[in-house]
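Q:
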Amino acid sequence: MAIDFETYDEDNIFAKILRGELPNTTVFEDDHVLAFHDIVPAAPVHVLVIPKGRYIAQDDFHRDASDAEIIAFWRAVGHICRELGVTDEGHRLIANQGTKSGQVVPHFHVHILAGKNLGPLLAS
Ligand code: DGP
Numbered sequence: 060m061a062i063d064f065e066t067y068d069e070d071n072i073f074a075k076i077l078r079g080e081l082p083n084t085t086v087f088e089d090d091h092v093l094a095f096h097d098i099v100p101a102a103p104v105h106v107l108v109i110p111k112g113r114y115i116a117q118d119d120f121h122r123d124a125s126d127a128e129i130i131a132f133w134r135a136v137g138h139i140c141r142e143l144g145v146t147d148e149g150h151r152l153i154a155n156q157g158t159k160s161g162q163v164v165p166h167f168h169v170h171i172l173a174g175k176n177l178g179p180l181l182a183s
């Protein structure tokens, strides 16, 4: 289903996780950021990092978020990779935006993937 980029969906899964209505396995949290294990891991390490603000994808996040939110987000990504122990061995960051990318959840998130040889960038 196409993502509505005009209106943030308050009932998306990550909004429910942020409100505590759905459980998650948290690996990091601060004032601006939450990170938790993906429920359908695509690699031995698969962590999702999300801002706590209401952003649909990377475009509105980087356009509308405050400098403090953006700095906190990307510092957290680096910190989490180090805490997971995947900085030196290698990892991949993915942020899907929109239907052609395969974005399913309309709340901005970055995937951290690691723990095996991740292969070519794209499957096809
Ligand atoms: P994307 O295709 O980029 O929108 O990725 C969404 C990811 O969210 C996908 O890898 C599966 C994950 N996911 C979906 N529902 C849940 C959930 O309820 N809990 C957790 N932890 N992850 C979820």
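Heads up: the sequence shown at position 28 corresponds to 87 in my numbering, and the numbers run straight through without jumps. Glycine included, each C-beta is placed from N, C-alpha and C at the ideal position.
(1) Are Leu-93 and Leu-77 touching if we call contact CB-CB under 8 Å?
(2) Counting pairs of Cβ atoms below 8 Å between the stretch 83–93 and the stretch 146–156, do you hit three or more?
(3) Kindly indicate which three-state DSSP category Phe-153 falls into: helix, strand or coil?
(4) Measure from the alpha carbon of Lys-111 to the alpha carbon of each residue in Phe-87, Leu-181, Ile-171, then state which is nearest.
(5) Between the stretch 157–164 and the stretch 137–148, do at least 3 Cβ pairs fall closer than 8 Å?
(6) Taking 8 Å as the cut-off, decide whether the C-beta atoms of Phe-132 and His-170 are in contact.
(7) Under 7 Å Cβ to Cβ from Ala-101, same chain only, skipping five residues before and after it: list those, please.
(8) For Asp-89, which residues from the same chain have a beta carbon less than 8 Å from its beta carbon, with the 5 sequence-adjacent residues on both sides left out?
(9) Can you look up Phe-73 in the DSSP assignment and give me helix, strand or coil?
(10) Quick check on DSSP: helix, strand or coil for Thr-84?
(11) Return the CA-CA distance between His-96 and Phe-73, expressed in angstroms with no decimal places.
A: Put simply:
(1) Stepping through the sequence shown from its first residue, residue 93 is reached at position 34. Stepping through the sequence shown from its first residue, residue 77 is reached at position 18. Yes, the Cβ-Cβ distance between Leu-93 and Leu-77 is below 8 Å.
(2) no
(3) In the sequence shown, counting from the first residue as 1, residue 153 sits at position 94. One point to set straight first is that residue 153 is Ile, not Phe, in the sequence displayed. Of the three classes helix, strand and coil, the one that applies to Ile-153 here is strand, per DSSP.
(4) Residue mapping note: residue 111 aligns to position 52 of the sequence shown, counting from 1. Of the candidates Phe-87, Leu-181, Ile-171, Phe-87 places its Cα closest to the Cα of Lys-111.
(5) no
(6) Start at 1 with the first residue of the sequence shown, and residue 132 comes out as number 73. Start at 1 with the first residue of the sequence shown, and residue 170 comes out as number 111. No.
(7) As a position in the sequence shown, residue 101 is number 42, starting the count at 1. Closer than 7 Å at Cβ, skipping near neighbours: Leu-172.
(8) In the sequence shown, residue 89 corresponds to position 30, counting from 1. Ala-131, Ala-135.
(9) If you number the sequence shown from 1, residue 73 lands on position 14. Residue state, collapsed to three classes: helix.
(10) The count along the sequence shown starts at 1 and reaches residue 84 at position 25. Note: Thr-84 maps to coil in three-state DSSP.
(11) The count along the sequence shown starts at 1 and reaches residue 96 at position 37. The count along the sequence shown starts at 1 and reaches residue 73 at position 14. The straight-line gap from Cα to Cα measures roughly 12 Å.
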